[in-house]
Amino acid sequence: MKLHHIAIICSSIERADRFYGGVLELKKIKSGTLDRVFGEQLFGISQECEMILYGNQDFRIEVFVTASVPKMKTPYQHICLEVQDRKSFVEKCDEARLTVKRFSKGDYLIIFIEDYDGNLFELKESMTE
292 MKLHHIAIIC
302 SSIERADRFY
312 GGVLELKKIK
322 SGTLDRVFGE
332 QLFGISQECE
342 MILYGNQDFR
352 IEVFVTASVP
362 KMKTPYQHIC
372 LEVQDRKSFV
382 EKCDEARLTV
392 KRFSKGDYLI
402 IFIEDYDGNL
412 FELKESMTE
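Read left to right, the sequence shown gives residues 292 to 420 (the numbering used here).
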């Protein structure tokens, strides 16, 4: 089994493009509209919204664009991303004016970032052999 994609809520296409296309450098694979009927059947939400699928060879994120973005549904909900150079990636996030949270645990630095809508991402650095 492998993970196909995850789904995220964003408040605008511009914010989604800026974070997922810009900061994460994911390609916009496809986009479309989730109609009210299908939204009600799938998620119990009778609201039309745009959907955008971003991804690369390893990772896909399906973004639902809706004006009403709930602030963090659960305090533990996050996505962990593995990046080649965590320091450079954090600098890129700082330049993009994203919230970067740093926590020390012993000798290890734990880093989380928030996208423009409050979705939380943990950052790990790839281990090279």
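By construction, the Cβ of each residue, glycine as well, lies at the ideal position given by its N, Cα and C atoms. Source: prediction; values computed, not measured.
In this model, G313 and K383 are separated by some 10 Å (Cα to Cα). In this structure, I304 and E341 form a Cβ contact; the two beta carbons are roughly 6 Å apart against a cut-off of 8 Å. Closest option to S322, judged by alpha-carbon separation, among A307, L315, Q332, L372: A307. Y345 is positioned such that its CB atom lies no closer than 8 Å to that of L325.
Contact annotation: the region 326-338 does not touch the region 368-383, with fewer than three C-beta pairs closer than 8 Å.
In this structure, the CA atom of I404 is about 10 Å from the CA atom of R388. According to the DSSP assignment, G330 belongs to no beta strand (DSSP E) but to the alpha helix (DSSP H) extending over 327-334.
Remark: C-beta atoms of V391 and C301 do not approach each other more closely than 8 Å. Scanning its chain for C-beta atoms nearer than 7 Å, with the 5 sequence neighbours on each side dropped, one finds around A298 the residues E353, F355, in chain order.
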